[in-house]
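Numbering (the numbering used here), first residue to last: 1183 to 1302. Every residue, glycine too, gets a C-beta built ideally from N, C-alpha and C. Bear in mind the structure is a predicted one, so any value in this text is a computation, not a measurement. These notes concern the structure reproduced below.
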């Protein structure tokens, strides 16, 4: 969780007016931070961990030992899975999405996305 997220979340918990928080936005006017990684980056890290696990298993087999559990692969998957789709919402934006007018906001975003032209 970013420092700006925590600051806004704490201010909301203390009763700050969401409109005031937007006026003094610590998010630099971006209500959504995009995912921190691409799918290719996630896949690459999981593959690297899997290769290291395989090397450890091969070494253990050469030494006549039981292959260890693939801890690196498991930790990489748990740590990085979803980072290619996980964005961070400003707490004020999230609060507004949950409000009675939030559906209208979501519908407007959906219409914008449906009409998006990547060519221009």
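- Take residue 1219, set aside five residues on each side of it, and the residues of its chain with a beta-carbon closer than 6 Å to its own are 1265 and 1266, in chain order.
- In this chain, the alpha helix (DSSP H) harbouring residue 1233 covers 1221-1244.
- Collapsing the DSSP output to three states places residue 1196 in coil.
- With a cut-off of 8 Å on Cβ pairs, the segment 1226-1237 is in contact with the segment 1250-1263, counting three or more such pairs.
- Comparing alpha carbon positions, the residue from 1225, 1273 and 1244 closest to residue 1188 is 1273.
- Taken through DSSP and simplified to helix, strand or coil, residue 1215 comes out as strand.
- Taking the CA atoms as reference points, residue 1270 sits about 16 Å from residue 1288.
- With fewer than 16 other Cβ atoms inside 10 Å of its own Cβ, residue 1214 counts as exposed.
- Residue 1242 and residue 1226 have their C-alpha atoms some 24 Å from each other.
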